[in-house]
Amino acid sequence: MYELIILSILLGTPAHGYLIAKIVNNVLGPYAKVNSGRLYPLLAKLEEQGAIEAIEPDSTQKESGRQTNAYRITAKGTQLFRRLMLDTSSNPGDYQKIFWLKAAMMDTLNPDERLFLIEHYINYCQSHVLYLKAKCEELKQGLSHNEIPQHRYSIVHAIEHRAEHWQHELEWGVSLKQQELVEQKIGV
Numbered sequence: 001m002y003e004l005i006i007l008s009i010l011l012g013t014p015a016h017g018y019l020i021a022k023i024v025n026n027v028l029g030p031y032a033k034v035n036s037g038r039l040y041p042l043l044a045k046l047e048e049q050g051a052i053e054a055i056e057p058d059s060t061q062k063e064s065g066r067q068t069n070a071y072r073i074t075a076k077g078t079q080l081f082r083r084l085m086l087d088t089s090s091n092p093g094d095y096q097k098i099f100w101l102k103a104a105m106m107d108t109l110n111p112d113e114r115l116f117l118i119e120h121y122i123n124y125c126q127s128h129v130l131y132l133k134a135k136c137e138e139l140k141q142g143l144s145h146n147e148i149p150q151h152r153y154s155i156v157h158a159i160e161h162r163a164e165h166w167q168h169e170l171e172w173g174v175s176l177k178q179q180e181l182v183e184q185k186i187g188v
């Protein structure tokens, strides 16, 4: 996930490590943070793979005496970014978070690739909805036959809440697909 975010930042413009960390933390939200102990080894790994390269600091950084590493994406990094964008099998437990990032970068893909990702996400959400609804029904059947203690109704309510969450994600996926189809039809 971090690689995808870093490469997406560098697609737009070269950036130094501090700015990359700031943007990554803004993307991740208020509780998940990337620290320099995680970021700089990842930048070094991407540089070693040839996905990014260090560039000369600009003149303002040289004058201030502050040496900061700035990076830019390479052709190999652009290929890695595309591969990460189109990957639907890695990290299935975190795919909802990853898809949110991908949705923000959909304009970097061609229409067929966007549709592929959106349809995959719709199926991913449908699987969660169907699974959770089936588990709710199983629990309700157990409750009605007194096989499960009555206090377990809270479990049913929690599972129903998760199913509603996934239903909203599914509806978002469907709206993304509809928007994509309209844009393809009018040639946007």
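Residue 188, in UniProt numbering, is where the sequence shown stops; the numbers in between run on with no holes.
Just so you know, even glycine gets a beta-carbon here, dropped at the ideal spot from N, CA and C.
Close-in-space but distant-in-sequence residues of the same chain around Val-156 (CB under 8 Å, 5 per side omitted): Mapped onto the sequence shown, residue 156 falls at position 156. Around Val-156: Cys-136, Leu-139, Lys-140, Leu-143.
Assigned exposure category for Arg-83 - 16 Cβ within 10 Å defines buried: Taking the first residue of the sequence shown as 1, we reach residue 83 at position 83. When all chains shown are included, Arg-83 counts as exposed.
Proximity test, Asn-123 beta-carbon vs the ligand NAD heavy atom, cut-off 8 Å: The ligand NAD is not part of the structure shown, which contains no ligands of any sort.
Rounded C-alpha distance that separates Phe-99 from Ala-21: The sequence position of residue 99 within the sequence shown is 99, counting from 1. The sequence position of residue 21 within the sequence shown is 21, counting from 1. Going by the C-alpha atoms only, they are around 20 Å apart.
Option in Val-24, Lys-33, Leu-28, Tyr-71 with minimal Cα separation from Leu-43: Reading the sequence shown from its first residue, position 43 is the one you call residue 43. Cα-wise, what sits closest to Leu-43 is Tyr-71.
Contact check, Leu-170 vs Gln-126, beta carbons under 9 Å: Numbered from 1 along the sequence shown, position 170 holds the residue referred to as residue 170. Numbered from 1 along the sequence shown, position 126 holds the residue referred to as residue 126. It is a contact, given that the beta carbons lie within the stated cut-off.
For Glu-160, the first and last residue of its enclosing alpha helix (DSSP H): Sequence index remark: in the sequence shown, residue 160 carries index 160 (1-based). Element bounds for Glu-160: 153-186.
Sub-9 Å separation of Thr-88 and Leu-117 beta-carbons: Within the sequence shown, the letter at position 88 stands for residue 88. Within the sequence shown, the letter at position 117 stands for residue 117. If you check the CB distance, Thr-88 and Leu-117 come in under 9 Å.
Cβ-Cβ distance between Thr-68 and Tyr-2 below 9 Å: Looking up residue 68 in the sequence shown gives position 68. Looking up residue 2 in the sequence shown gives position 2. No, the Cβ-Cβ distance between Thr-68 and Tyr-2 is not below 9 Å.
Range of the contiguous alpha helix (DSSP H) that encloses Tyr-31: As a working note, residue 31 is residue 31 in the sequence shown. Premise fails: Tyr-31 is in no alpha helix (DSSP H) and is neither H nor E.
Cβ neighbour criterion (16 or more within 10 Å) applied to Tyr-95: Start at 1 with the first residue of the sequence shown, and residue 95 comes out as number 95. Tyr-95 is buried by the Cβ-count criterion.
Trp-166 versus Thr-74 - alpha carbon distance: Counting from 1 along the sequence shown, the entry for residue 166 is found at position 166. Counting from 1 along the sequence shown, the entry for residue 74 is found at position 74. Approximately 37 Å between the Cα atoms of the pair.
6 Å CB neighbourhood of Ala-103 in its chain, flanking five on each side removed: Here residue 103 refers to the residue found at position 103 of the sequence shown. Here Ala-103 has no same chain residue with a Cβ atom under 6 Å from its own Cβ, once five neighbours each way along the sequence are excluded.
Length of the line joining the Cα atoms of Ile-9 and Ile-23: Start at 1 with the first residue of the sequence shown, and residue 9 comes out as number 9. Start at 1 with the first residue of the sequence shown, and residue 23 comes out as number 23. In this model, Ile-9 and Ile-23 are separated by some 8 Å (Cα to Cα).
Expected contact under 8 Å - CB spacing of Leu-80 and Ala-51 to nearest Å: Here the question's residue 80 lines up with position 80 in the sequence shown. Here the question's residue 51 lines up with position 51 in the sequence shown. Indeed they touch by this definition, with Cβ atoms about 5 Å apart.
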